Structure formats: structure tokens, C-alpha cells
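Sequences listed follow chains V and Y, in order.
When we follow this note's numbering, the leftmost residue of the first sequence carries the number 1, and every step to the right adds one.
When we follow this note's numbering, the leftmost residue of the second sequence carries the number 1, and every step to the right adds one.
Here's the structure we're looking at; comments come further down.
2 protein chains.
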Amino acid sequence: MVDLKEHLKEFGMKNCPIDNGLKIIGKKFTMHILRNMLLLKQKKFNEFLRSIEGINTKTLSLRLKEMESEGLIKRQIIDKRPLRVEYSLTEKGKSLEPILVQMAKFSLKWESKKIFPKEKPMTVTQVFGTERLSKIWD
Amino acid sequence: MVDLKEHLKEFGMKNCPIDNGLKIIGKKFTMHILRNMLLLKQKKFNEFLRSIEGINTKTLSLRLKEMESEGLIKRQIIDKRPLRVEYSLTEKGKSLEPILVQMAKFSLKWESKKIFPKEKPMTVTQVFGTERLSKIWD
DNA sequence: CAGCATCCAGACTGATACTG
DNA sequence: CAGTATCAGTCTGGATGCTG
Numbered sequence: 001m002v003d004l005k006e007h008l009k010e011f012g013m014k015n016c017p018i019d020n021g022l023k024i025i026g027k028k029f030t031m032h033i034l035r036n037m038l039l040l041k042q043k044k045f046n047e048f049l050r051s052i053e054g055i056n057t058k059t060l061s062l063r064l065k066e067m068e069s070e071g072l073i074k075r076q077i078i079d080k081r082p083l084r085v086e087y088s089l090t091e092k093g094k095s096l097e098p099i100l101v102q103m104a105k106f107s108l109k110w111e112s113k114k115i116f117p118k119e120k121p122m123t124v125t126q127v128f129g130t131e132r133l134s135k136i137w138d
Numbered sequence: 001m002v003d004l005k006e007h008l009k010e011f012g013m014k015n016c017p018i019d020n021g022l023k024i025i026g027k028k029f030t031m032h033i034l035r036n037m038l039l040l041k042q043k044k045f046n047e048f049l050r051s052i053e054g055i056n057t058k059t060l061s062l063r064l065k066e067m068e069s070e071g072l073i074k075r076q077i078i079d080k081r082p083l084r085v086e087y088s089l090t091e092k093g094k095s096l097e098p099i100l101v102q103m104a105k106f107s108l109k110w111e112s113k114k115i116f117p118k119e120k121p122m123t124v125t126q127v128f129g130t131e132r133l134s135k136i137w138d
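Right, dumping it as C-alpha cells:
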């Protein structure tokens, strides 16, 4: 039985699983793109562009390439003329959903005032739906 | 039963729980500091400074202040002369542990070659210990 | 629609020095 | 020990315009 402390002592901080995870999803907007794909079922460049506030074409383009080369998403050309492209999640990409869920859970617990500007707070189950959660939280 | 899609349609993307979570923990090194506090039980400025690669005093100082003002950590002066300060997690800060765990889980599943440079992959349970996990993964 | 190119601003880094 | 200060340099992201 080894804990993270021992692991880091043996392999060094460079081989930390959390550090490694952050290298993949820690960049600005990566999680937003993932959220849009996983939870909003978006697939197209301009869908991301419109609904992720603050992002621009340059950064979006860059992130999508990074995510593709990390194996989180696949890029598929649907049509040549006019050009139509769709992005879809790989199994690796889908496996990041629990992180999103935990993040939402955190916000719902501690930041509900910012999330529900007028109405009364809701539970995580209400926001995500029980079916979805039963699959996510195993 | 409302899902995130409906929530965002009603309240707008600015009130997204994931977006909100990312604003709190999405900055560079915030999660590293959290990892060091939660899993390595570190409490002091220079401990963070030495074991988070790439960070410098300026950024560390900034992050600690941000985290304090977000209510994730507490700053306590232990001694005046010489000055000794200890940082500790609040309940809000501790509640971020599941996110770290999910991130580690992801890395262990998909990036084990980077995490275990020589040896054979280990399970999450081996890395974190079963007792710990039984508390984290409810 | 799906981007690329360019130029500019801001965030972070690195080194070093200094304070209570 | 626990930071602050400063200056320089790099890297990331923002704004705008343009292309096939």
C-alpha cells in the first residue's frame, strides 16, 4: 500500500499524477470545451466559439489541436465545400466527465449564489439529472 | 428534473457551475498548492516553493492570497520573530479533494507510462491507500 | 463555416536583492 | 523564515481582419 507522498518521493514531482492531469486539462478553456462537448453535446467550432465566453478563434483553434494530439477528441471532416468539421470525444475524453461533475458539485455547494442569481439553490441531482448521475458517480 | 443545458439556457453561461469552479481553481498552480496541502500535508511557504516546479515567490505569494480571499485556505501566524506562518485548509478547500482524486484517477488510467517511468502501473487504490479512498469515493 | 495571420496586452518566469 | 520589490524576458491570450 503506497500513498501519493511515497510515490512522489520515489518518482519525483515530475511524475505526479495530478501534475500530469493538469498538463492535459489545466490550460485555459480546455475544460470549457470539454463541458460543451460532454454536457451540451456541441460538436462544431462556431458553437464553441459562441458559447465559451472570452475565447477567440486563435485560442480555440490551438486548444482543439492540443486536445486532438492528446487523444481527447477526434476531428472529422463532414463536408469539403463548404467546409464542415465535427469534433467528437474519444473514450479518454469522455473519462474526464467525473472531474467536471466534481467541479460542478463543488460550485453548487459553495457558490450557489453566483450560480443561481435569483432563484433558490438546487441540488446537483436536479441540475444534472439522476440518470446521468447514476452513471457518473459509480 | 433540470439538466445543465436547461440551467445554462435559463441563467446564461456566466452562471455555469463549471465555469464558476474554474474561476476559483483554474489558475496556474492553485491545484498544485492544494495537492501539496491535501495530500502531502504541507503548510509552509517554502515547502510549496521547493516542491512545486516552476513556481516562484511572486506567483506563490499571489496564489496564496487569492486562495485565502476565496476562502479555500487560512493564513496563521505561528511566530513573530523569526516569522513563521502556516497555511491550512478550510472546509471549502478540503472539499476540493474529490477533484484531485478524479484527476489522479484519470492520469493513472490513461497516462501511466508518464507516471511510472520504469515500474509497472499501479491502481489508484495502491497509490492513495484504501482507507483514504473509502473516505473520498462515497 | 472553419479557421489562419498579425499585432498587442497581460500573465507568468527568472534572477537577484532586500526586509522584519 | 516568509515574504516584497524590481527589471527583464517569455509565453499566453485578446482583438481584428482575412481566406478557401
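We put the beta carbon where it would ideally sit given N, CA and C, even for glycine.
On a predicted model such as this, the values are computed, not experimentally measured, just so you know.
Short Cβ contact (8 Å threshold) for residue i with residue j
i: Asn36(V); j: Ile55(V); result: no
i: Gly71(Y); j: Lys92(Y); result: yes
i: Leu96(Y); j: Leu34(Y); result: yes
i: Leu4(Y); j: Met31(V); result: no
i: Val85(V); j: Phe116(V); result: no
i: Ile73(V); j: Thr90(V); result: yes
i: Leu38(V); j: Lys94(V); result: yes
Test: residue i CB closer than 8 Å to a CB of chain V
i: Ile55(Y); result: no
i: Asn15(Y); result: yes
i: Pro117(Y); result: yes
i: Leu89(Y); result: no
i: Ser69(Y); result: no
i: Ile77(Y); result: no
i: Lys74(Y); result: no
Cutoff 8 Å: residue i Cβ touching any chain Y Cβ
i: Arg35(V); result: yes
i: Ile99(V); result: yes
i: Lys94(V); result: no
i: Met31(V); result: yes
i: Glu111(V); result: yes
i: Ser107(V); result: yes
Proximity winner among the options, relative to residue i (alpha-carbon distances)
i: Leu62(Y); options: Phe29(Y), Lys94(Y) and Leu96(Y); result: Phe29(Y)
i: Ile24(Y); options: Ile99(Y), Glu47(Y) and Pro117(Y); result: Ile99(Y)
i: Phe48(Y); options: Ser88(Y), Cys16(Y), Asp79(Y) and Lys80(Y); result: Ser88(Y)
i: Leu60(Y); options: Lys27(Y), Leu39(Y) and Arg84(Y); result: Lys27(Y)
i: Ser112(V); options: Lys9(Y), Met67(Y) and Ile18(Y); result: Ile18(Y)
Boundaries of the alpha helix (DSSP H) in which residue i is found, first to last residue
i: Lys5(V); result: Leu4 to Phe11
i: Lys64(Y); result: Checking the sequence shown, residue 64(Y) turns out to be Leu, not Lys. Segment Thr57 to Ser69, the alpha helix (DSSP H) holding Leu64(Y).
i: Ile33(Y); result: Thr30 to Leu38
i: Glu91(V); result: Glu91 to Lys94
i: Lys105(Y); result: Glu97 to Trp110
i: Phe45(Y); result: Phe45 to Ser51
i: Asn20(Y); result: Pro17 to Ile25
Residue i - containing beta strand (DSSP E), residue span
i: Lys74(Y); result: Ile73 to Asp79
8 Å contact criterion, which residue i and residue j should meet: CB distance rounded
i: Gln102(V); j: Gln76(Y); result: 28 Å between Cβ atoms; not a contact.
i: Asn15(Y); j: Lys105(V); result: The Cβ separation is near 16 Å, so there is no contact.
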